Structure formats: C-alpha cells, structure tokens
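Chemist: Please see the structure below; I have some questions.
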Amino acid sequence: MFELVSFLLYILIAVHLQGSLKSDSVSGNSERLDRVEDAIGELQTQESGGTGNFVKINSRFFHIEQNRKVNWYAALNICHEMGGHLADPANQQELNSIKQRLIRGRHYWLGISDLANEGLFLSQNTGNRATFLRWIYGEPNNYGNYEHCVELKSQQNREFLMNDAPCWLLSYFICETSSPNNK
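Now the structure itself:
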C-alpha cells in the first residue's frame with residue numbers, strides 16, 4: 002500500500018511540475034537558459050586537458066570565467082591570485098581556440114588596455130605593445146572618452162572580436178598562464 006501511495010504521489014508531483022513548466026513566462030525560460038549556459042561554461046572549464054582551473058589551449062593554459070562578472074581591475078587581481086594574468090592572445094589560431102569555449106552574447110575581459118596612453122594598446126602582462134589585435138569594425142573608438150580596456154565580445158551572431166570598453170563594466174574574463182601550477 003505504501004508503495005502505491007508513493008507512486009501516486011510521484012505521479013502527482015510530476016504532473017504538477019510539467020504544468021508549471023508549461024506556464025513559465027519567457028523570463029523564467031530565459032533564467033533557466035542562463036543557468037544551463039553557466040553550467041556548460043563550468044563543464045568547459047573542467048573538461049579534460051585542464052589542470053586546476055586552467056585548460057590547455059595550444060601551448061598555454063587559460064581559465065575562462067563563466068560564473069562571475071567583475072570589472073577589469075578585479076579581473077586583473079583575480080587572475081593574479083590564480084597564478085596568471087588576464088589573457089593576451091598571441092595569434093589568430095590561439096584566439097580561434099579560445100573563442101570555441103566562449104558563450105555568445107557575453108563579454109570577456111582581456112589583458113590589454115590603453116590606460117597609459119590613449120590609442121597605444123599594451124599587454125598588461127609584458128607592458129609592451131599588444132602584438133595581436135582583432136577589432137570589431139569601427140573599433141577601437143574610445144566612445145565618450147572613457148573606453149580604455151579591451152574585451153572580447155560577439156555582436157548578434159557574429160564571431161568574437163575585440164572592443165574597447167569602460168574598465169568599470171562588469172564582464173566575464175579570461176586568465177592565462179604558461180604553467181597551471183603557479184598558484
């Protein structure tokens with residue numbers, strides 16, 4: 002008898018949940034989609050080939066943050082605490098490999114800025130001129146005279162490219178290290 006009651010209770014709960022899922026609003030579905038995307042990002046971070054929080058991409062290791070958004074300065078600090086620095090893609094091949102792990106519609110901080118000298122984009126890791134830049138058409142534009150930090154972003158269904166943005170914006174970020182055991 003107890004098994005029959007448990008089974009009927011299970012059926013009632015399942016029917017109730019199915020009905021509530023059908024009546025969810027678009028925003029509810031959007032929130033669920035965001036949670037799924039966050040979970041996918043976490044799995045990407047942990048997939049094979051990674052060591053700790055870093056995943057090997059080509060010859061270097063990267064951590065692609067998919068769970069928290071911070072300003073550019075906080076991203077610098079977090080990457081440093083992880084034993085690395087904000088990423089500075091070396092070439093198109095490396096950028097392409099990184100882009101495969103990003104979630105469209107999100108923005109990701111890179112370790113490049115023109116904070117020291119407007120229009121001169123430097124790698125924050127080396128202090129030298131960034132050797133590889135792939136801008137969105139019309140960028141960098143220093144819109145409003147306050148865009149000094151570089152992000153990767155995808156517009157609509159286009160590929161991820163670089164954009165100058167205000168350093169105080171909250172975005173995801175990409176850390177880089179040559180050895181994942183720097184912690």
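Counting in this note's numbering, the sequence shown runs from 2 upward without gaps. Each residue gets a CB set at the ideal place from its N, CA and C atoms; glycine is no exception. Since the model is a prediction, treat every value here as computed from it, not as a measurement.
To which residues of the same chain is residue 158 closer than 8 Å at the C-beta, ignoring the five residues directly before and after it?
Modeler: Taken in chain order, the residues that qualify are 105.
Chemist: DSSP on residue 172, reduced to helix/strand/coil?
Modeler: Strand, per DSSP.
Chemist: Whole beta strand (DSSP E) runs in the segment 81 to 131 with 3 or more residues, listed along the chain?
Modeler: The qualifying runs are 108 to 114.
Chemist: For the candidate residues 173, 121 and 107, whose alpha-carbon lies nearest to that of residue 132?
Modeler: Taking only the C-alpha atoms, the option nearest residue 132 is 121.
Chemist: From which residue to which residue does the beta strand (DSSP E) around residue 64 run?
Modeler: Segment 61 to 65, the beta strand (DSSP E) holding residue 64.
Chemist: For residue 67, count the other beta carbons within 10 Å of its own beta carbon; 16 or more makes it buried, fewer makes it exposed. Which is it?
Modeler: It counts as buried.
Chemist: Using the Cα positions of residue 63 and residue 93, report the straight-line distance between them to the nearest angstrom.
Modeler: Taking the straight line from one Cα to the other gives about 16 Å.
Chemist: If you reduce the DSSP assignment to three classes, tell me which class residue 77 lands in.
Modeler: Of the three classes helix, strand and coil, the one that applies to residue 77 here is helix, per DSSP.
Chemist: Can you have a look at residue 76 and say buried or exposed, based on whether 16 or more other CB atoms are within 10 angstroms of its CB?
Modeler: With 16 or more Cβ atoms within 10 Å of its Cβ, residue 76 is classed as buried.
Chemist: Note the first and the last residue of the continuous beta strand (DSSP E) segment covering residue 155.
Modeler: Here the beta strand (DSSP E) through residue 155 covers 150 to 155.
Chemist: Starting from residue 71 and walking both ways along the beta strand (DSSP E), at which residues does that stretch end?
Modeler: Unbroken run through residue 71: none, as it is neither H nor E.
Chemist: Across the segment 167 to 183 and the segment 83 to 93, are there enough close Cβ pairs to call them in contact, namely three or more that are closer than 8 Å?
Modeler: Because the criterion of three Cβ pairs below 8 Å is met, the segment 167 to 183 and the segment 83 to 93 touch.
Chemist: Would DSSP call residue 54 helix, strand or coil?
Modeler: In this structure, residue 54 counts as coil in the three-state DSSP scheme.
Chemist: Looking at the unbroken beta strand (DSSP E) that takes in residue 133, where does it start and where does it end?
Modeler: Segment: none, residue 133 is in no beta strand (DSSP E) and carries neither H nor E.
Chemist: Following the continuous beta strand (DSSP E) through residue 164, name the residue where it begins and the one where it ends.
Modeler: Element bounds for residue 164: 161 to 166.
Chemist: Look at the alpha carbon of residue 138 and the alpha carbon of residue 181, and state the distance between them as a whole number of angstroms.
Modeler: Looking at the two C-alpha atoms, the distance is approximately 34 Å.
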